[in-house]
Structure formats: C-alpha cells, structure tokens
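Structure, as structure tokens:
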C-alpha cells in the first residue's frame, strides 16, 4: 500500500545535538511538507518542497534544515539552533494536481 | 494573512448523540478550501471532510456534515450518531489553492472531542 513512513516514532536527544527525522513516501507525490505540532497551537509549517532539489522555508524554519535529493525522501534536521525542539513532527505529501494531503504518523522528539 | 480559530478547546458528547464543533476563519480571498481533520490517539491525521468555497451546498460524508457560512466566515462540523471511535482531536484548516504554489494548510488550535459511553 502507498503511504508516508516517518521514523522513528519516538526520538530522544540531548540538548545541543542535531537530530534528523526521516520521511519517505511511495505515492509518487511531488510536494512534501514538514509541520510541527505543539499543544494548544495546532500545526505550523516548517519547510516544504515542490520538486527535487528545491525547498522553501515555511512559517517557523529557524533552527531547522531539510534536503530533497530524491522525490521519495524529505528528511528534516533539527539543529542545536532550534530553541525549543521538543514537539511532535508531521510529514505530509501532495500530488501537484490535487489539494489533498497525505500525512505520515509523526515523530515525537524529546530533547533533554 | 489567513487565520483559523477554534474556540472550543474541549467538548464531550454521549454516544449516539449529535455534536457540533465550531470554526471561524479570516481571509480576504474568495476562492479557498476548508477542511476538517481528525487526529485520534494514534496521532495519524485523517481527512474528515472538505468544502470548496465556491460551492454553496454543504459537504457531507456519512455521519459528518458541515455548515458553511461564507459571509460569516464560519465552518462548523456536525457529527451525528457519535461513536466511541470519534474520540479524537479535530482540526479545522484553510487552504488557498493555487496551482504550483505552496498550497499550505493553515490550522486552528484544535478541539478535543471525547465521546462518552
């Protein structure tokens, strides 16, 4: 079955360390997104990519970086510059000719 | 900038009863989409229903229906015959659809719905 796989489901890191969250899709979707979810704040857009080798900052990109070397993959790196990285991170994808999103099951990142 | 407001942080309903979740939004756009997403305890985001702003008829999907009031910028979700599996966080979301553009979703803060047996 086609879908989006995010790994790992839970991730623990020490403060000051960079960490990379994986997002892989086999839906042949062109557009991919990273959202951050915090209690009481809904979801906010971090980065998005519409084609391979191209990506754009979203509303809260500071302290994060991404790459899009393959259509299927859109990893998110949470750097030490992100002041409050503990959150739930959701990856999503979309066909260019559609406005419907498919979401992954998320990664819960806890920085201690 | 568009904003989405959900003024009910938590709601509770008895099994088999009907419940309505509220959502208001602010935009100067005329063409847009509105969505309700469900996030159960598994945290998977599931699309419940979608409404295109140019359509006057309210969208329905089985037990789920919306009351779309474009002039009032209101988009409420009605769940009929509530089931225990409806227990989840519900998010209202806005999108301005533009081919080739970001097409990002703008989310409200969510309403946590608990269906009681």
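Residue numbers (this note's numbering), protein chains in the order written: chain A, 1 to 112; chain B, 1001 to 1117. From the three backbone atoms N, C-alpha and C, an ideal C-beta is built for every residue, glycine too. It should be emphasised that the depicted structure is a prediction, and the values quoted were computed from it without experimental measurement.
| request: Starting from the beta carbon of residue 1033/B, find every residue of chain A whose beta carbon is closer than 8 Å, and list them in chain order. | output: 99
| task | Can you grab the Cα-Cα spacing for the pair residue 1092/B / residue 63/A, in whole Å? | result | 27 Å
| task | Provide the residue span of the beta strand (DSSP E) that contains residue 2/A, from first to last. | result | Run containing residue 2/A: none; DSSP gives neither H nor E here.
| message | Relative to the C-alpha of residue 1107/B, which candidate in 1016/B, 1101/B, 1039/B has its C-alpha closest? | response | 1039/B
| Under three-state DSSP, which class holds residue 1086/B? | helix
| Quick one: which chain B residues come within Cβ less than 7 Å of residue 48/A? | 1102, 1104
| task | Give the range of the beta strand (DSSP E) segment to which residue 92/A is assigned. | result | 87 to 94
| request: Have a look at residue 100/A and residue 2/A and give me their C-alpha separation to the nearest angstrom. | output: 15 Å
| request: Kindly identify the DSSP beta-bridge partner or partners of residue 32/A. | output: 49/A, 93/A
| field | Which of helix, strand or coil DSSP assigns to residue 1102/B | value | coil
| task | Thinking residue 90/A and residue 1045/B are a contact (beta carbons under 8 Å), I'd like their distance in whole angstroms, please. | result | 6 Å
| task | Please work out which residues of its chain come closer than 8 Å, Cβ to Cβ, to residue 1018/B, disregarding the five sequence neighbours upstream and downstream, and give them in chain order. | result | 1078, 1079, 1080, 1081, 1082
| task | Could you check how far apart the C-beta atoms of residue 46/A and residue 76/A are, in whole angstroms? I think they sit under 8 Å. | result | 7 Å
| Taking 8 Å as the CB-CB limit, is residue 6/A close to chain B? | no
| query | How is residue 64/A classed by DSSP in three states: helix, strand or coil? | reply | strand
| said: Taking the beta carbon of residue 97/A as the centre, do at least 16 other beta carbons fall within 10 Å, making it buried, or is it exposed? | reply: exposed
| So which of 107/A, 69/A, 82/A has the shortest CA-CA distance to residue 92/A? | 107/A
| Going along chain A, which residues have a C-beta under 8 Å from residue 994/B? | With chain B represented from 1001 up to 1117, any question about residue 994/B goes unanswered, as that position is not in the structure.
| query | If you run the structure through DSSP and keep just helix, strand and coil, what is residue 72/A? | reply | coil
| field | Distance, residue 79/A Cα to residue 18/A Cα | value | 4 Å
| Under three-state DSSP, which class holds residue 44/A? | strand
| field | C-alpha distance - residue 1013/B paired with residue 1048/B, whole-angstrom precision | value | 18 Å
| message | Does any residue of chain B have a CB that is nearer than 8 Å to the CB of residue 105/A? | response | yes
| query | Below 8 Å, can you find three or more Cβ-Cβ pairs linking the segment 1066 to 1075 of chain B to the segment 1021 to 1038 of chain B? | reply | yes
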